[in-house]
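The opening position of the sequence shown corresponds to residue 1065 in the working numbering, with each subsequent residue numbered one higher. Heads up, the beta-carbon is just placed ideally off N, CA and C, and yes, glycines get one too. Fair warning: this is a prediction, and the values are worked out from it, not measured in the lab.
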Amino acid sequence: MNIREWPVNERPREKLLHKGAGSLSDAELLAVFLGSGVRGCNVLELARGLLAKFGGLRQLLDADRESFLAELGLGPVRYSQLQALLEIGRRNLETSIDREAAMENPAAVRRYLKSMLRHEPSEVFGCLFLDSKHRPLAFEILFRGTIDRANIYPREVVRRSLLHNAAALILCHNHPSGSCEPSQDDVHMTLSLKRGLALIDVRVLDHVIIGDGEPLSMVEHGWMAG
1065 MNIREWPVNE
1075 RPREKLLHKG
1085 AGSLSDAELL
1095 AVFLGSGVRG
1105 CNVLELARGL
1115 LAKFGGLRQL
1125 LDADRESFLA
1135 ELGLGPVRYS
1145 QLQALLEIGR
1155 RNLETSIDRE
1165 AAMENPAAVR
1175 RYLKSMLRHE
1185 PSEVFGCLFL
1195 DSKHRPLAFE
1205 ILFRGTIDRA
1215 NIYPREVVRR
1225 SLLHNAAALI
1235 LCHNHPSGSC
1245 EPSQDDVHMT
1255 LSLKRGLALI
1265 DVRVLDHVII
1275 GDGEPLSMVE
1285 HGWMAG
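Here it is as structure tokens:
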């Protein structure tokens, strides 16, 4: 059935306008983005098929250009639009944490860090450098590794902290496996960096681990004491 023949309150776009974007399913949100279906398949059916093919919304958003363009109903225009939307989201999150001290809005900081790392296919390690009032100075990915490990060099973290004249920082890395649980190596490395950076008067405020679901704060779980 053509989606125009559906009851008005069941059409994704009208539902969004009436109830808000949060009321839509992943398929309905994707249908609003796509705008139209293909021959023999309305837009919601197309959206459901794409989610099934890729394994979910996250996997679709993280798909490389070649995989995306290979699917019926997608193309360079939609790929460009999607990448622009994702970048708008990242910049919006970055702006939201620029306006205030990072630790006054830890949820926004974690969302920003997740937006920067969640698409990485291998493990990466980054730092959000902060001034004396905990306002962001810069974000950098410092090390890239394999699917389950990235070698961290404390000297480089110290060097970049001095370069940015940082007074504090928030460490972060991703787990491509999806689990946010820190390993013993993660805990030991964090404590080692915390002690080393203290020698140059740079505080490590947190270490955020990015996986599936909500990012994990090591300081909130008590793994940074010591």
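Annotation: the continuous alpha helix (DSSP H) that includes leucine 1110 extends over 1107-1118.
Excluding the 5 residues flanking it on each side, glutamate 1135 has same chain C-beta neighbours closer than 8 Å at Leu1114 and Lys1117, in chain order. Judged by beta-carbon spacing, valine 1283 lies beyond the 8 Å limit of leucine 1257, meaning their Cβ atoms are not closer than that value. Residue state for glycine 1086 is assigned as helix, using DSSP reduced to three classes. Distance from the Cα of serine 1196 is smallest, within the candidate group Leu1233, Arg1223 and Arg1175, for Leu1233. With the rule of 3 Cβ pairs closer than 8 Å, the segment 1258-1275 does not count as touching the segment 1151-1159. If the five residues before and after leucine 1226 are omitted, its C-beta is found closer than 8 Å to the C-beta atoms of Ile1264, all from its own chain and listed in chain order. Separation of the CB atoms of histidine 1271 and glutamate 1187 is rounded to 14 Å, and the pair is thereby denied contact status at 8 Å. Cα atoms of leucine 1094 and leucine 1255: separation of roughly 42 Å, rounded to the nearest angstrom. Under the DSSP assignment, glycine 1190 falls in the beta strand (DSSP E) whose first and last residues are 1188-1194.
Residue ranges of uninterrupted alpha helix (DSSP H) with 4 or more members, entirely inside the segment 1137-1162 and ordered along the chain, are 1140-1162. Under a 10 Å Cβ-count criterion, lysine 1178 is classified as buried, with 16 or more other Cβ atoms of the shown protein chains found around its own Cβ.
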